[in-house]
Amino acid sequence: MCSHWSSWDCSSARRRTPATISSACSTLRSRSSASIRGARRTSERRVTTSAQAAACDQAAIAAGTPSFALMLQAGTATASLILRDYAGHLTHGVVVLAGTGNNGGDAYVVAAQLARAGVRVRVHAIDAPRTDDARRAASLLTTTLSAGNGPRHAPLVETVDDSHALLPDQARLVIDGLLGTGQHGPLRDAVRQACDVIHRLQQRGALVMALDVPTGLDASTGELADGAVRAECTACYGTLKRGLLMQRAHAGRVVLLDIGLGLHAEVSSQADPDTWCWYDATAVAAQVPAIAWDAHKGRRGRVLVAGGEMGMAGAAVYAARAALLAGAGVVHALVDTQSVPAVQALCAAALAHRWPALDNTSPHTSAAHALTPVGTMRPDIAVDAVAVGPGLGRSRRAGQLLQHVVARHRTVPMVLDADALWHAADAAQTLGIDAATVLSHWTRDMMGARAQGDAAVVCTPHPGEFARLTGAPLPTSWQARADLLQQFATRAGVTMLLKGTPTLVASPGVSHVSVVPHGTALLATGGSGDCLTGMIGTLLAQGLPAHEAAVVGATVHGRAAELATARAGAVRGTTLEDLLGALPEVWHTIGAVPVRAPYVLAELPGL
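Here it is in structure tokens:
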């Protein structure tokens, strides 16, 4: 148990770079394949557990990058981020709280580099460093200090009065370097008391930046310990940590920094099933299909939206509008007769068609069997992708329409959402088989209808719909949830997009699960999923493979929610109209080449 904090006051540090910093940074630049200049871009970024993150570090070390060089670049990159983006918080100095491990070592380097830049820094350690690299970083900090500012000891802060005396209440930036990715379970007393000090400073207006992960947040599972730090910004090192995506409110803005891991932080083509990946802005931009300057409407993609039962025309309207905003050249809306006027009034650009007359005398229930339609949609109308489910309904007639659409358009990619998935589960129950088999049957028919067998199906359930498809409650463990999603996708032969925070995407033949961390509670409203369905439909119609269409669609959908929420200043008061209104700017932003600041690989906005 710690009985004191060690404190350093760096208010008058020398402005020159210590030889140890120069030497280690030179080594890093010469040996790392991902230095700031000329870093190789990857299509997807790894999202790691604590064990996987440690393995990436060890692989880089084994390849010749010293562990202390990684720590130096982590601390230097963080200091660069602070000086660039949080300069307004530095006037009254910075408080740095350091633990005993390598996360504390990162904190010492941050303090040293800020001190070199002339920032008044006070460092408080809960105990002496216990790793070689942390001790070396603490020594580096000491050599950075001017004469007469050596370490001194202060009593452990236990009360508000003591914390007021020990820590400068004028500080407007606090660095949390107490615990890193190795933390699990409850916080020990010394760390918990240090977290209390962070909370007090935060209540007085200080901004909190966490190093790699906030103290008290499990990097693998996202579980929060009592007293966990709630950061406004997290400087994440090398790979994005899974726990940050599950606790976005505690992580705040997440900035992924290059610490020199190079290829060891990238996704391998032989990724194991436990690998999660994230499309950053560059990867998403690379996947979005280009629209040629001389394209006509037929070349921009033709999408059919099927649904819109009486009373639910709005779902089909939102899907059609989102499909158009995603770049579709033509959108057909196949809706109930009573819904046609609503579609024509609310989405005039869509071509409205009424449901065909279907045989209602069949004894079969729901979508278990296809029936012969008497169509009203001209058979010569061609589409490039179909989106079935928005406002489809759960009647027998709706199930018949689903089978009619699947049978008629089985040569083109398809999105199944909402009530389409309900009918798949219902058909499985009726026939005494599992839903994956039903979807596999539909997919097999579609694949066999083409010479190249390249038709694709994307299913977009929310957790409740996925539980109904699997016939079991959704696992609470995110890894178990991802495993189940991957297994179901493989059995069904479809791409599965499981909505949530974060959203997960799994596909047969893709060795990893893709994670989409974007979005706000604006999406927690009826109709948002219909918008996503329309967007994915357009991306499929424009030729994007199913997995990429699902990931890109969900990413743009989530980023539009973030932009709309930021514009309004809060979720309350925003609607799907705000979401749709944000889509043009998001598509434009994605089309632009992202300009990265030094060391920054990617970032997620604070919520």
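Going by the UniProt record's numbering, 163 is the number at position 163 of the sequence shown; the sequence numbering is gapless. Beta carbons: idealized from backbone N, C-alpha and C, even for Gly. Keep in mind the model is a prediction, meaning the values are calculated, not measured.
### Task
From the DSSP output, in three-state form, read off lysine 241 for me.
Residue state, collapsed to three classes: strand.
### Sub-8 Å separation of glutamate 562 and threonine 501 beta-carbons
No, these two residues do not count as a Cβ contact at 8 Å.
### Query
Buried or exposed: where does proline 461 fall if 16 or more other Cβ atoms within 10 Å of its Cβ makes it buried?
Looking at its Cβ environment, which holds 16 or more other Cβ atoms inside 10 Å, proline 461 is buried.
### Task
Measure how close the beta-carbons of alanine 285 and valine 388 come, nearest whole angstrom, since I'm counting them as under 8 Å.
Alanine 285 to valine 388, Cβ: 29 Å. No contact.
### Message
By alpha-carbon positions, which one of Pro517, Ala79, Thr65, Ala69 ends up nearest to alanine 597?
### Response
Taking alanine 597 as reference, the option from Pro517, Ala79, Thr65, Ala69 with the minimal CA-CA separation is Ala79.
### Query
Does the distance from the C-beta atom of valine 516 to that of glutamine 287 stay below 8 Å?
With a cutoff of 8 Å on beta-carbon distance, valine 516 and glutamine 287 are scored as not near each other.
### Message
Taking 6 Å as the limit between beta carbons, can you name the residues of its chain near aspartate 578, skipping five residues before and five after?
### Response
Taking C-beta separations shorter than 6 Å and ignoring five residues to either side along the sequence, the partners of aspartate 578 in its chain run Ala564, following chain order.
### Under the three-state DSSP convention, the category glutamate 603 falls into
DSSP, read as helix, strand or coil, puts glutamate 603 in strand.
### Message
Using 8 Å as the threshold, is the C-beta distance between histidine 385 and leucine 257 below it?
### Response
Rather than histidine, the amino acid found at residue 385 in this sequence is alanine. No, these two residues do not count as a Cβ contact at 8 Å.
### Query
Going by Cα to Cα distance, which pick from Met535, Leu240, Arg397 is closest to leucine 580?
Comparing Cα-Cα distances from leucine 580 to each of Met535, Leu240, Arg397, the minimum goes to Met535.
### Message
Quick check: the segment 231-243 against the segment 201-215, are at least 3 beta-carbon pairs closer than 8 Å?
### Response
Counting Cβ pairs under 8 Å, three or more are found: they touch.
### Query
Can you tell me where the beta strand (DSSP E) with arginine 45 in it begins and where it stops?
45-48 is the extent of the beta strand (DSSP E) around arginine 45.
### Task
Tell me whether the beta-carbon of glycine 260 lies closer than 8 Å to the beta-carbon of glutamine 58.
The criterion of a C-beta distance shorter than 8 Å is not satisfied by glycine 260 and glutamine 58.
### Query
Is it right to say aspartate 226 is buried, meaning 16 or more other beta carbons lie within 10 angstroms of its own, or is it exposed?
Aspartate 226 sits exposed, since fewer than 16 C-beta atoms from the chains shown fall within 10 Å of its C-beta.
### Message
Mapping the DSSP letters down to three states, classify methionine 1 as helix, strand or coil.
### Response
Below a pLDDT of 50, predicted positions are generally treated as unreliable, and methionine 1, at 36, falls in that range; the measurement from the model is reported next regardless. Methionine 1 sits in coil when the DSSP states are folded into three classes, being neither helix nor strand.
### Task
Indicate the three-state DSSP secondary structure (helix, strand or coil) for threonine 501 in the structure shown.
Three-state DSSP puts threonine 501 in coil, outside helix and strand.
### Task
Whole angstroms is fine: what's the gap from isoleucine 590's alpha carbon to leucine 325's?
Roughly 14 Å separates the two Cα atoms.
### Message
I need the straight-line Cα distance from alanine 549 to histidine 296, nearest angstrom please.
### Response
Looking at the backbone, the Cα of alanine 549 and that of histidine 296 are separated by about 22 Å.
### Task
Decide if serine 440 is buried, meaning its Cβ has at least 16 other Cβ atoms within 10 Å, or exposed.
Serine 440 should be labelled buried.
### Query
Taking alanine 249 as the reference, which of Ala265, Glu266, Thr443, Ala228 has the closest Cα?
Each of Ala265, Glu266, Thr443, Ala228 was checked against the Cα of alanine 249, and the nearest Cα belongs to Ala228.
### Task
Going by CA-CA distance only, name the one from Leu498, Leu523, Gly527 that's closest to valine 513.
For the residues Leu498, Leu523, Gly527, the minimum Cα distance to valine 513 belongs to Leu498.
### Query
So, is glycine 573 buried or exposed, given that buried needs 16 or more other C-beta atoms within 10 angstroms?
Glycine 573 should be labelled exposed.
### Query
Looking only at DSSP bridge pairs, what is glutamate 562 linked to?
Its beta-bridge partners do not exist; DSSP assigns none.
### Query
tryptophan 587 by DSSP, collapsed to three states: which one?
Tryptophan 587 falls in the helix class under three-state DSSP.
### Message
On the criterion of 16 or more Cβ atoms from any shown chain inside 10 Å, does isoleucine 463 qualify as buried, or is it exposed?
### Response
The sequence given here has proline at residue 463, not isoleucine. Its Cβ having fewer than 16 others within 10 Å, proline 463 is exposed.
#### Entry: Residues that DSSP places opposite valine 458 in a beta bridge
Bridge partners of valine 458: Val415, Thr495.
### Message
Is it the case that the segment 194-206 contacts the segment 100-119, given that we only count it when at least three CB pairs across the two stretches are under 8 Å?
### Response
No, the segment 100-119 is not in contact with the segment 194-206.
### Task
My understanding is that cysteine 531 touches alanine 319, with C-beta atoms under 8 Å, so please give their C-beta distance in whole angstroms.
Taking 8 Å as the upper bound for CB-CB distance, cysteine 531 and alanine 319 are in contact here, some 7 Å apart.
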